[in-house]
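Residue numbers (the UniProt record's numbering): 1 to 289.
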């Protein structure tokens, strides 16, 4: 049985109400009565079998948010007439992303987004983890931190676990490291992004950061340093996967400890009204799920 496609006026009304959050303003934009707006939204909810708006302020439900991205994508496709693509140009989307997340997580998946959305030109810009130094004109930002961001709306993309990693040569020459005492006596590579205190406290040892040793403010550089035999690095497993897979780094422990930080997708109010931003956010969450 063919699924019923909702009337286009219902979809346009839903998009307008989600964007304006006002029945009166949506009615004015669509040149209909407020009662017509309410009727069309109810009709759409009946057709798709889901509640789209959760409260009186017209905030979207989870299903409404997901459906809105599809509706906006469909409307944008319908707006493109044959021959107008080259004249209008592609949609531009600027995303600020932390370096190692980009290399280890985003880049291996990015082809899927490019193929799914050929009408979007994606521009990636580097941001600095924890310091939240991002390009001012970025549409979306991938930040690494605690998630306490009062200046932007955000959603958690990815949590991770940490474990110490070192090069095979370093482990042969200096290992094994079967106890915290042996680990404390080793050359520990430091990073403000992943403090060693997390690992020590998980093992019941209240030890501070190493007083000596190399320090890096980029996880990728820290992994490269450990791969060169400069010492042991405390690394998030998902970000460190490329080094583990190519054999340049190895675990020194079977235990994993949750990282106190996570990666978040952040945006300023109103950004998700643009369908290319909503499309990227939805794709990214699904690809990491």
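Backbone N, C-alpha and C fix where the C-beta goes; we use that ideal spot for every residue, glycine too.
* **Reduced DSSP secondary structure (H/G/I, E/B, other) of residue 7** => Coil.
* To do: Specify the secondary structure class of residue 189 as computed by DSSP and reduced to three states.
  => If DSSP states are grouped into helix, strand and coil, residue 189 belongs with the strands.
* Asked: Can you tell me the Cα-Cα spacing of residue 30 and residue 273, whole angstroms?
  -> Taking the straight line joining both Cα atoms gives about 17 Å.
* Asked: So what does DSSP say about residue 199, is it helix, strand or coil?
  -> Helix.
* Would you identify the three-state DSSP class for residue 85, choosing helix, strand or coil? => Bear in mind that the predicted position of residue 85 carries a pLDDT of just 47, short of 50, making it too unreliable to give a figure here.
* Residue range of the beta strand (DSSP E) that residue 144 falls in? -> That run of the beta strand (DSSP E) goes 140-145.
* With 16 other Cβ atoms within 10 Å as the buried cut-off, status of residue 249 -> Per the 10 Å Cβ criterion, buried.
* Asked: So which of 140, 111, 71 and 118 has the shortest CA-CA distance to residue 301?
  -> Shown here, the chain extends from 1 to 289; a query on residue 301 therefore has no answer.
* Given residue 259, which residues of its chain have a CB within under 8 Å of its CB, disregarding the five upstream and five downstream residues? -> Cβ within range, chain order: 159, 160, 161, 162, 194, 198 and 236.
* Asked: Rounded C-beta distance between residue 93 and residue 223? I'm assuming under 8 Å.
  -> About 29 Å separates the two Cβ atoms, so there is no contact after all.
* Count the CB pairs spanning the segment 4-19 and the segment 41-50 that are closer than 8 Å, and state whether there are at least three. => Yes, the segment 4-19 is in contact with the segment 41-50.
* **Where residue 41 falls: helix, strand or coil (DSSP)** => Helix, per DSSP.
* To do: Identify every run of the beta strand (DSSP E) within the segment 248-284, keeping only runs that are complete inside it and at least 3 residues long; order them along the chain.
  => 262-267, all fully within the segment 248-284.
* If you draw a straight line from the C-alpha of residue 291 to the C-alpha of residue 275, how long is it? -> Because the chain spans 1 through 289 in this model, residue 291 falls outside it and cannot be assessed.
* Asked: residue 164 lies in the beta strand (DSSP E); which residues open and close that run?
  -> 161-166 is the extent of the beta strand (DSSP E) around residue 164.
* Asked: When the distance is taken between beta carbons, is residue 252 closer than 8 Å to residue 188?
  -> Not closer than 8 Å, so no.
* Asked: Buried or exposed: where does residue 176 fall if 16 or more other Cβ atoms within 10 Å of its Cβ makes it buried?
  -> It counts as exposed.
* Could you give the DSSP three-state label for residue 23: helix, strand or coil? => When secondary structure is reduced to three states using DSSP, residue 23 falls in the helix class.
* Helix, strand or coil for residue 148, going by three-state DSSP, please let me know. => DSSP places residue 148 in coil when its eight states are reduced to three.
* Asked: For residue 226, is the classification buried or exposed, using 16 other Cβ atoms within 10 angstroms of its Cβ as the cut-off for buried?
  -> That one is buried.
* To the nearest angstrom, how far is it from the Cα of residue 7 to the Cα of residue 56? -> C-alpha separation (whole angstroms): 24 Å.
* Go ahead and pull the three-state DSSP assignment for residue 125. => DSSP, read as helix, strand or coil, puts residue 125 in strand.
* What's the C-alpha gap between residue 212 and residue 126? -> Cα to Cα, residue 212 sits roughly 29 Å from residue 126.
* With 16 as the cutoff for other CB atoms within 10 Å, does residue 255 come out buried or exposed? -> Classification for residue 255: exposed.
* CB residue 351 to CB residue 72, shorter than 8 Å? -> Nothing can be reported for residue 351: it is not among the residues displayed for the chain, which extend from 1 to 289.
* To do: Give the DSSP-derived three-state secondary structure of residue 182 in the structure shown.
  => DSSP places residue 182 in helix when its eight states are reduced to three.
* To do: Grab me the residues of residue 282's own chain with a C-beta within less than 6 Å of its C-beta, minus the 5 sequence neighbours each way, in chain order.
  => Taken in chain order, the residues that qualify are 69.
* Asked: residue 186 and residue 232: beta carbons closer than 8 Å?
  -> The answer is yes: Cβ separation under 8 Å.
* Residue from 138, 209 and 230 with nearest C-alpha to residue 167 -> The candidate whose alpha carbon is nearest that of residue 167 is 230.
* Is it the case that the Cβ atoms of residue 152 and residue 266 are separated by a distance below 8 Å? -> Pairing residue 152 with residue 266 gives a Cβ-Cβ distance under 8 Å.
* Who are the near neighbours of residue 156 in its chain, counting only those whose CB is closer than 7 Å to its CB and skipping five residues on each side? -> Cβ within range, chain order: 147, 262 and 264.
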